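*Asks:* Got a structure here, written out as structure tokens. Questions coming.
Protein chains in written order, with the working numbering: chain E, 40 to 49; chain F, 82 to 294.
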């Protein structure tokens with residue numbers, strides 16, 4: 040959900 | 082996971098293998114910036130702190146993180162020790178403080194939570210955006226580069242470039258936006274514009290990478 044999302048990208 | 086991110090990550094992996102291949106086969110790290118490589122180590126170490134905090138995303142995610150940390154440290158070892166005589170520090174003179182300090186300040190200002198891991202995460206995103214500068218500076222100074230070095234830089238640029246359609250896709254499919262990553266990612270990709278122009282018009286046409294005088 041905006042703005043925060045758990046850092047699931049590299 | 083979507084196809085843009087997957088291919089982006091694969092381009093990132095490819096860039097590391099291209100770099101290792103260049104160093105191992107030519108037994109030389111000529112034209113490679115130690116400073117850029119050291120900045121990548123800093124980027125991975127500060128971004129992947131969550132590895133040690135028990136946050137679990139996926140097996141893929143953990144494996145890639147460990148690979149990026151391990152391979153970037155190995156590359157530093159190759160430049161600093163195994164092929165140190167082929168490294169020319171007089172070419173690699175970009176001042177990294179100009180990248181580290183602003184990235185850290187931006188990390189302090191723009192973050193999702195004022196905690197150590199979140200500030201470090203933001204710092205790593207900003208630092209990654211500009212970490213290629215010392216490498217591009219060497220290109221600029223020498224005015225030319227071996228084709229394989231340019232393939233390495235191109236793969237790195239493609240990696241972050243592909244994250245942009247990934248974010249657009251995620252915006253529509255998940256309704257989520259990561260403004261810090263998006264802004265830094267667009268800047269990062271933009272830094273490759275001049276390089277890509279020469280790369281696509283010269284190197285991929287079989288000519289040498291030479292900057293116009």
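Glycine included, every Cβ here is placed at the ideal spot set by N, Cα and C.
Only a predicted model underlies this, so the values are computations on that prediction, with no experimental measurement involved.
(1) Restricting to runs no shorter than 4 residues, where is the alpha helix (DSSP H) found entirely within the region 125-182 of chain F?
(2) Tell me, please, which residues DSSP counts as bridged to residue 294/F.
(3) How would you label residue 242/F, buried or exposed, when you count the other beta carbons within 10 angstroms and need 16 or more for buried?
(4) Please list, in chain order, all residues of the same chain as residue 41/E whose beta carbon is under 7 Å from its beta carbon, the five residues on each side excluded.
(5) What does DSSP give as the partner residues of residue 226/F in its beta bridges?
(6) Can you tell me the Cα-Cα spacing of residue 185/F and residue 234/F, whole angstroms?
(7) Helix, strand or coil, according to DSSP, for residue 46/E in the structure here?
(8) Do the region 143-159 of chain F and the region 124-133 of chain F touch if we need at least three Cβ pairs shorter than 8 Å?
(9) Taking the alpha carbon of residue 134/F as the reference point, which residue from 172/F, 197/F and 221/F has its own alpha carbon closest?
(10) Under 6 Å Cβ to Cβ from residue 258/F, same chain only, skipping five residues before and after it: list those, please.
(11) Does any residue of chain F bring its CB to less than 8 Å from the CB of residue 49/E?
*Replies:* Reading off the structure:
(1) The region 125-182 of chain F contains, as complete alpha helix (DSSP H) runs of 4+ residues, the segments 140-158 (chain order).
(2) Within the second chain, the letter at position 213 stands for residue 294/F. According to DSSP, residue 294/F bridges with nothing at all.
(3) Walking along the second chain from the start, residue 242/F turns up at place 161. Buried is the call here.
(4) Within the first chain, numbered from 1, the residue matching residue 41/E stands at position 2. For residue 41/E, the predicted structure reports a pLDDT of 48, less than 50, and the residue's modelled location is therefore unreliable. The matter cannot be settled from this model.
(5) Reading the second chain from its first residue, position 145 is the one you call residue 226/F. DSSP output for residue 226/F lists 290/F as bridge partner(s).
(6) Position 104 of the second chain holds residue 185/F. Position 153 of the second chain holds residue 234/F. Cα-Cα distance, rounded: 24 Å.
(7) As a working note, residue 46/E is residue 7 in the first chain. If DSSP states are grouped into helix, strand and coil, residue 46/E belongs with coil.
(8) With the rule of 3 Cβ pairs closer than 8 Å, the region 143-159 of chain F counts as touching the region 124-133 of chain F.
(9) Taking the second chain and counting its residues from 1, the one referred to as residue 134/F is at position 53. Nearest C-alpha to residue 134/F among 172/F, 197/F and 221/F: 197/F.
(10) The sequence position of residue 258/F within the second chain is 177, counting from 1. Excluding sequence neighbours, residue 258/F sits near 252.
(11) Working through the first chain from its first residue, we reach residue 49/E at position 10. Proximity of residue 49/E to chain F, defined by a Cβ-Cβ separation below 8 Å, is satisfied.
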